[in-house]
Amino acid sequence: MVDADDLEQLAKLLTDKRQLAEQYYKRACQLVGQAQATPLAAMLRWAGDTATELGNRAAIVRAAEKGGDPFGALSTFGLTTAVGTISGDDKIRLRKDLKKVISDNAASTPEQRVQAIRKFFGKLTAAERSWLAIEQPDVVGRLDGAPATVRYAANRLLIERALTHEQKDLAALKATDPKNPQVTLLEKRVARMTEFLQPRVTGDGRSVPRQFLLFDPADDGKVAEVFGDLAKAEHVAVMVPGITNRLDNYDSIANDAVALLKDRDSGRELPESAVITWLGYDTPEFGDSVLPAKAEAGAPALHSFRAGLEAAKGAKFALFAHSYGTLLSSKALQEGTPFDSVVFMGSPGLGPTIKSAADLKLRPGTQVFAMRAPGDWVSYTEAHGRDPADMADIRRLATGRSSGHSEYYTPKNTGLDNLQTILTGDGCVQTFMGSPKLDDEQFGAANVRVLVKELQSRVPQWKAGELATAFEPIIKGVMNGSTDIPTLMALTTKTLADSGLGGYFAPQDIAQIVGKSLTEAGADQR
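The letter at position 405 of the sequence shown is residue 404 when you use numbering that gives the first Met the number 0, and the numbering goes up by one with no holes.
Structure representation (structure tokens):
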């Protein structure tokens with residue numbers, strides 16, 4: 000078996016001997032002339048080329064031990080594969096210097112940290128950047144401020160390794176427990192990662208590699224993907240999704256990005272534009288979506304990610320946030336994350352203290368829009384505050400034939416047309432022309448808000464997620480008109496008992512809570 004240490008030692012030995020031989024060559028040229036010393040020059044070239052080749056092979060062996068195709072990842076994005084020229088001492092230095100620049104700037108602002116990382120990579124040779132991408136892909140792949148192509152290569156290598164690992168897990172689970180629910184989940188995750196390694200076909204028929212600025216398969220998974228040529232883009236959209244988005248169902252987000260980038264008429268990608276999907280946080284399931292914790296945890300990551308983006312000089316950046324992603328985006332914007340335009344879609348609220356766009360304290364000139372499609376029950380519940388679509392200083396946009404919570408990117412529709420107009424800055428958006436009152440749009444919305452508020456007030460905060468999960472079907476039933484009062488009381492009693500939350504309620508509480516949801520709904524009209 001080939002040993003990487005042996006290859007590196009041979010390469011070092013040849014390099015050392017070549018340096019000695021070079022001194023003899025120079026002396027020979029002085030004594031007998033360059034023509035007579037030509038054979039020695041050929042030997043010098045051979046020694047240098049062979050040392051480089053041995054170094055490259057050592058790098059291949061080391062990377063192969065971890066899995067993946069490191070040189071394939073580099074060449075996919077036009078990066079040099081000549082990493083064998085880097086000495087052992089230089090490798091030690093690179094590891095140490097990278098670790099130091101990260102640790103020295105851990106407490107800095109995202110902008111300061113990104114600037115330090117850019118300065119670090121700017122001083123490296125092409126070979127050194129390539130070597131770091133394949134040597135420490137788990138660090139470089141997610142490192143905001145590192146060159147995009149270097150991150151693309153690092154993340155491709157991570158995807159290859161994760162795919163191999165999960166394919167083995169899937170095969171083992173199928174062999175021992177084929178009916179395990181995890182089989183279906185693993186199959187979907189394997190399918191997504193397999194797709195990630197396959198070229199994407201653009202609207203004009205070009206085949207391009209998929210480009211990832213973040214890939215982390217741990218838990219539900221984190222992904223950030225670039226659609227289009229980010230380096231040349233003059234218009235960039237960052238999409239932030241909401242609840243229940245994970246690695247296994249990432250294809251849905253990717254399809255929305257493709258739709259956003261595709262010209263309505265020609266089917267080609269919008270010129271000078273790029274779209275980025277940012278699934279860079281642990282998105283909540285329905286239950287824990289009633290808590291702000293995951294938005295608070297994810298906001299700094301979005302701020303750092305935005306700071307690390309580099310596009311064409313003077314490029315405009317738009318933030319398209321959906322569902323729970325609007326709450327996270329609100330918190331990131333309040334931290335000072337810069338965007339030229341912002342769109343909130345299907346929002347459960349931007350936080351209890353945000354009553355207007357002015358409360359976000361955005362940079363002067365930032366354009367703010369909102370969308371609420373008919374039947375989007377997430378907006379009607381206002382779980383995290385007032386819906387931005389109802390704020391006086393936010394322009395509400397038409398959504399066309401979209402309905403419910405998940406159709407804002409429907410192709411060839413007014414809603415998507417509006418998003419593309421904001422992305423490119425070409426044309427005029429279409430404003431929503433209906434009633435400005437939220438509860439004029441949805442029967443039972445006010446009743447649901449009071450019901451949920453009363454229920455949540457009687458359970459500990461750490462039980463709020465369980466409560467929300469248990470009551471999701473009831474909430475939808477009230478809003479679609481399929482639940483009358485006796486049914487609501489019976490379902491509430493049964494749901495509390497079945498979920499183990501009944502101990503927080505006395506028998507008379509149920510009638511009181513349902514009664515309040517009816518009598519106080521009028522005062523809660525939006």
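Idealized CB from N, CA, C, for every residue including glycine.
Asked                                                                                                                                                                                              : Found
Compute the Euclidean distance between the alpha carbons of asparagine 104 and phenylalanine 470, then round it to the nearest angstrom.                                                           : 45 angstroms
Okay, do the stretch 225-239 and the stretch 315-334 touch, 3+ Cβ pairs below 8 angstroms being the bar?                                                                                           : yes
Starting from the N-terminal side, write out each stretch of the alpha helix (DSSP H) that is 4 residues or longer and does not extend beyond the stretch 63-93.                                   : 69-75
Could you tell me which uninterrupted alpha helix (DSSP H) segments, each at least 4 residues in length, are contained entirely in the stretch 102-158, listed from first to last along the chain? : 109-121, 125-134 and 136-139
Taking all protein chains shown into account, do 16 or more other C-beta atoms lie within 10 angstroms of the C-beta of glutamate 159, making it buried, or fewer, making it exposed?              : buried
Can you tell me whether DSSP reads threonine 201 as helix, strand or coil?                                                                                                                         : coil
Assuming isoleucine 275 is part of the beta strand (DSSP E), what are its boundary residues?                                                                                                       : 272-278
Kindly indicate the opening and closing residues of the beta strand (DSSP E) around glutamine 210.                                                                                                 : 210-215
Apply the 10 Å Cβ neighbour rule to threonine 352 and answer buried if 16 or more other Cβ atoms are within range, or exposed otherwise.                                                           : exposed
From Ala510, Gln114, Asp89 and Lys90, pick the residue whose C-alpha is nearest to that of isoleucine 101; which is it?                                                                            : Gln114
Can you find a heavy atom of the ligand MG that lies under 8 angstroms from the Cβ of proline 299?                                                                                                 : What this structure holds is no ligand at all, so the ligand MG is not there to describe.
What is the DSSP secondary structure of histidine 164, reduced to helix, strand or coil?                                                                                                           : helix
For alanine 370 and tyrosine 407, which I take to be in contact (beta-carbon distance under 8 angstroms), what is that distance rounded to the nearest angstrom?                                   : What sits at residue 370 in the sequence shown is methionine, not alanine. Right, their Cβ atoms sit about 6 angstroms apart.
Label proline 270 either buried or exposed according to how many other C-beta atoms from any shown protein chain fall within 10 Å of its C-beta, with 16 as the threshold for buried.              : exposed
Decide if glutamine 460 is buried, meaning its Cβ has at least 16 other Cβ atoms within 10 Å, or exposed.                                                                                          : exposed
Between the beta-carbon of leucine 359 and the beta-carbon of histidine 383, is there less than 9 angstroms?                                                                                       : no
Which runs of the alpha helix (DSSP H) at least 4 residues long sit entirely within the stretch 328-397? Give them in chain order.                                                                 : 376-380
For methionine 238, which residues does DSSP report across the bridge?                                                                                                                             : Thr276 and Phe319
Using only alpha-carbon positions, find the residue among Ser402, Asp389 and Thr325 that is nearest to lysine 354.                                                                                 : Asp389
Taking 9 angstroms as the threshold (C-beta atoms), are threonine 365 and valine 341 in contact?                                                                                                   : yes
Alpha carbon to alpha carbon, how far is lysine 452 from tyrosine 379? Give it in angstroms, no decimals.                                                                                          : 13 angstroms
Would you call proline 216 buried or exposed, if buried means 16 or more other Cβ atoms sit within 10 Å of its Cβ?                                                                                 : buried
So what does DSSP say about alanine 190, is it helix, strand or coil?                                                                                                                              : helix
So what does DSSP say about lysine 178, is it helix, strand or coil?                                                                                                                               : coil
Isoleucine 474 and valine 447 - do their beta-carbons sit closer together than 9 angstroms?                                                                                                        : yes
How far does the beta strand (DSSP E) with phenylalanine 226 in it reach, from first residue to last?                                                                                              : 221-226
On the DSSP bridge list, what partners appear for lysine 515?                                                                                                                                      : Lysine 515 pairs with nothing; no bridge assigned.
Can you check which of these residues, Pro109, Arg155, Thr183 and Ile85, is closest to aspartate 168 by C-alpha distance?                                                                          : Thr183
Taking the DSSP output, what are the residues bridged to valine 559?                                                                                                                               : Residue 559 falls outside the range modelled here, since the chain spans only 0 to 525, and no answer is possible.
Looking at the structure shown, is lysine 231 part of a helix, part of a strand, or coil, going by DSSP?                                                                                           : helix
Hey, out of Thr243, Ser265 and Gln166, whose CA is closest to glycine 204's CA?                                                                                                                    : Ser265
Might you give, ordered along the chain, the residues of its own chain that have their beta carbon closer than 7 angstroms to the beta carbon of lysine 173, omitting 5 neighbours on each side?   : Val182
Pull up the CB-CB distance for glutamate 224 and arginine 209, whole angstroms please, since I reckon it's below 8 angstroms.                                                                      : 6 angstroms
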